[in-house]
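Take the sequence shown: its position 174, counted from the start at 1, is 158 in the working numbering, and no numbers get skipped. Notes follow the structure.
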Amino acid sequence: LIGDADKAKRFNDTLQDLAADTPFVYEQAADNARMLLAYEFKLQSMERIMRSIADATAASGKIESYRNIAAALGQIQAKGRLTARELIRLANAGIPAYQILREELGMTHEQIVNIGNLRIPAEVAIPAILRGMEKRYAGAAAAMQRTTKGLANAIRENFLIISQNVFDPLYQNLRVNMEKLSNRLEA
């Protein structure tokens, strides 16, 4: 999805850091990242978006919110505008989206009720929602990571990262040698 090996490696490192710094495992972070990239979010904004989602999910206490918030933001991006359906998805994930829109965009209750008619562009809605989430939940994932369960997760994720960094070069070397051997046997 990224198209450049160096950028992909740096982004993978960012996802590993996110997994080590939050209560979410690497696979969850990578799944959300793949989904958001598929919805054409810009790579340079992904870390901010992923951290905002992680903080909001940690604050909500509902692990399923991690994927649901990302999916709702992705749908807004895909549709190019904010719709009532995505506001409901965000609210179900524990995000006070209606209140955020009132605060960040100065919307009234009547405007929110008629959100479909307003056609608020994704370029306006998503940053407003992210700002509102950051104001409310910044640091929640890091705070959760300092709990016993969070610390155990951090140890596990760091161990997996270290293991991957140690064993991946060995595996790559073995794979190359196996290919050479296979090619010789075929000849």
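All residues carry an ideal CB built from backbone N, CA and C; glycine is no exception.
Where residue 59 is concerned, the enclosing alpha helix (DSSP H) starts and stops at 49 to 63. At a Cβ-Cβ threshold of 8 Å, residue 71 and residue 110 do not count as neighbours. Rounded to the nearest whole angstrom, the CA to CA distance from residue 15 to residue 2 is 13 Å. It is roughly 50 Å from the alpha-carbon of residue 47 to the alpha-carbon of residue 169.
When secondary structure is reduced to three states using DSSP, residue 111 falls in the helix class.
Taking C-beta atoms as the reference points, residue 106 and residue 66 count as a pair closer than 8 Å. Shown here for residue 53: same chain residues with a beta carbon closer than 7 Å to its own, the five before and five after excluded, namely 37, 40, 41, 74, 77 and 79 in chain order. Rounded to the nearest whole angstrom, the CA to CA distance from residue -5 to residue 25 is 13 Å. Beta-carbon to beta-carbon, residue -8 and residue 43 are separated by about 30 Å, too far to satisfy the 8 Å threshold. Linking residue 161 to residue 10 through their CA atoms gives a straight-line distance of about 30 Å. Looking at the DSSP output, residue 105 shares a beta bridge with 65. Taking C-alpha positions only, residue 114 is separated from residue 30 by approximately 12 Å.
The beta carbons of residue -1 and residue 13 sit closer together than 8 Å.
In the structure shown, residue -9 falls within a helical segment according to DSSP collapsed to helix, strand and coil. An exposed status is given to residue 165, since fewer than 16 other beta-carbon atoms sit within 10 Å of its beta-carbon.
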